[in-house]
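Worksheet for the structure shown next.
Numbering (my numbering), first residue to last: 19 to 388.
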């Protein structure tokens, strides 16, 4: 039997890219905020109910996180609170922005760092908190209004790492950074965008992505080169053209998993997954079980799986010594969650194969995690 992969990304085909590439040929503008980038920003803004000046594209989401953090934090110094339950890029982005990552736990139900958890953490930490970077776990939407209120209440700026969050994204005053990596639900091959209701912040991010230049060749701030090229914008625009069909494919996969595993009281999903929002990954939680044992059983059946975030940032070598508060929920999520195969054209029988394998395990008790 053919092995079933964890993911099978699909970018727009050459024939649908061609009209966009021909426009690049005709205009002979290849980067530096060209017309395709402007069109992409306008379409992304329209989807969010924003003015085009409120969206800034970037070369990748990790750069976008660092630029957004530098833009909101300014000269503030101190730690930046991040959840340990995240992909390691979050910590890298904070370090690249010149702040010190400080790890905190997440909410049991949403798997996310919440304003309430952040308020408690700020009260318990000695020294200044320069910023906070919550993460939209696997694309689940966060309480943007709650984070807006948090900043008003505390004066602490917030940047949301919504790398996988394009589908469920909502705009607020707090900047959200979305990835357009090839593995995401909307792909450009590589790229990202930052969105919020504050056009002055989007301008600051554009400036910081363009050597500090904005309207003149004067470097107004310390910056870098993190602009999106016209070629990546072309891929992103073609992906947007196909988005309605593609999101339908991902939702069908999510629905297939939820329906076929509905009888399993030990399997849980993130709130709203597959009904209110969808991502390009499918992460199931097996309450009280050991994900490594589940992964081994799937592997024996020729099915790939993935511990997408490993044990959390605090288990990554580069960040093992970071300061942190206790992480009991992170440890449970790391032990009990596992990524199942998920891709846009995954066939119904492939979803059934995974579910049948998981359901067969229910009749053979797994060793309970200590």
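Even glycine gets a Cβ: it sits at the ideal position worked out from N, Cα and C.
Which residue or residues does DSSP assign as beta-bridge partners of residue i?
i, result
"residue 63", "Beta-bridge pairing links residue 63 to no other residue."
"residue 213", "73 and 194"
"residue 279", "Paired residues: none, contrary to the question."
"residue 286", "303"
"residue 122", "101"
"residue 291", "295"
"residue 187", "According to DSSP, which records beta bridges pairwise, residue 187 is partnered with nothing at all."
"residue 177", "Partner(s): none; residue 177 has no beta bridge."
Can you round the beta-carbon distance between residue i and residue j to whole angstroms, since I take them to be within the 8 Å contact cut?
i, j, result
"residue 287", "residue 103", "Residue 287 to residue 103, Cβ: 16 Å. No contact."
"residue 55", "residue 246", "5 Å"
"residue 221", "residue 192", "About 17 Å; that fails the 8 Å criterion."
"residue 79", "residue 175", "Wrong, their Cβ atoms sit about 18 Å apart, outside the cutoff."
"residue 359", "residue 368", "7 Å"
"residue 217", "residue 165", "That pair is no contact at about 19 Å."
What's the gap between the Cα of residue i and the Cα of residue j?
i, j, result
"residue 197", "residue 265", "16 Å"
"residue 31", "residue 256", "9 Å"
"residue 82", "residue 228", "12 Å"
"residue 155", "residue 131", "9 Å"
"residue 315", "residue 376", "8 Å"
"residue 282", "residue 38", "47 Å"
"residue 289", "residue 157", "11 Å"
"residue 172", "residue 244", "31 Å"
"residue 365", "residue 147", "47 Å"
"residue 313", "residue 374", "14 Å"
"residue 49", "residue 236", "19 Å"
"residue 385", "residue 353", "Residue placement at residue 385 is poorly supported in this model, since its pLDDT is 42, which falls under 50; the coordinates are not used for a value here."
"residue 382", "residue 311", "For residue 382, the pLDDT reaches just 47, beneath the cut-off of 50, and the residue's location in the model is therefore unreliable, although a value from the coordinates is still provided. Roughly 12 Å separates the two Cα atoms."
"residue 137", "residue 24", "37 Å"
"residue 234", "residue 263", "42 Å"
"residue 123", "residue 114", "22 Å"
"residue 109", "residue 151", "9 Å"
"residue 388", "residue 35", "Here residue 388 scores only 34 on pLDDT, less than 50, and its place in the model should not be relied on; the value that follows carries that caveat. Using only the alpha carbons, I get a separation of about 52 Å."
"residue 135", "residue 127", "13 Å"
"residue 28", "residue 215", "31 Å"
"residue 379", "residue 101", "32 Å"
"residue 70", "residue 370", "43 Å"
"residue 291", "residue 277", "12 Å"
"residue 238", "residue 230", "5 Å"
"residue 270", "residue 363", "9 Å"
"residue 168", "residue 319", "47 Å"
Give a yes or no on whether the C-beta atoms belonging to residue i and residue j are separated by under 8 Å.
i, j, result
"residue 97", "residue 85", "no"
"residue 99", "residue 340", "no"
"residue 425", "residue 187", "Outside the displayed range of the chain (19 to 388) lies residue 425, so it cannot be described from this structure."
"residue 300", "residue 261", "no"
"residue 26", "residue 361", "yes"
"residue 357", "residue 345", "no"
"residue 58", "residue 251", "yes"
"residue 206", "residue 68", "no"
"residue 195", "residue 177", "yes"
"residue 268", "residue 119", "no"
"residue 74", "residue 232", "no"
"residue 209", "residue 141", "no"
"residue 182", "residue 66", "no"
"residue 414", "residue 203", "Here the chain comprises residues numbered 19 to 388, so residue 414 is not present and cannot be evaluated."
"residue 241", "residue 225", "yes"
"residue 285", "residue 302", "yes"
"residue 325", "residue 309", "yes"
"residue 307", "residue 42", "no"
"residue 343", "residue 139", "yes"
"residue 87", "residue 106", "no"
"residue 63", "residue 72", "yes"
"residue 125", "residue 295", "no"
"residue 40", "residue 53", "no"
Should residue i be counted as a contact of the ligand SAH given a C-beta to heavy atom distance under 7 Å?
i, result
"residue 25", "For the structure depicted, the ligand SAH is absent and the ligand set is empty, with no information on it obtainable."
Buried or exposed for residue i, please, with buried defined as at least 16 other CB atoms from any protein chain shown within 10 angstroms of its CB.
i, result
"residue 19", "exposed"
"residue 33", "exposed"
"residue 348", "buried"
"residue 89", "buried"
"residue 145", "exposed"
"residue 293", "exposed"
"residue 170", "exposed"
"residue 272", "buried"
"residue 323", "buried"
"residue 355", "buried"
"residue 159", "buried"
At the 8 Å Cβ level, is residue i part of the contact set with chain D, yes or no?
i, result
"residue 195", "Chain labels in this structure do not include chain D; a single protein chain is all it has."
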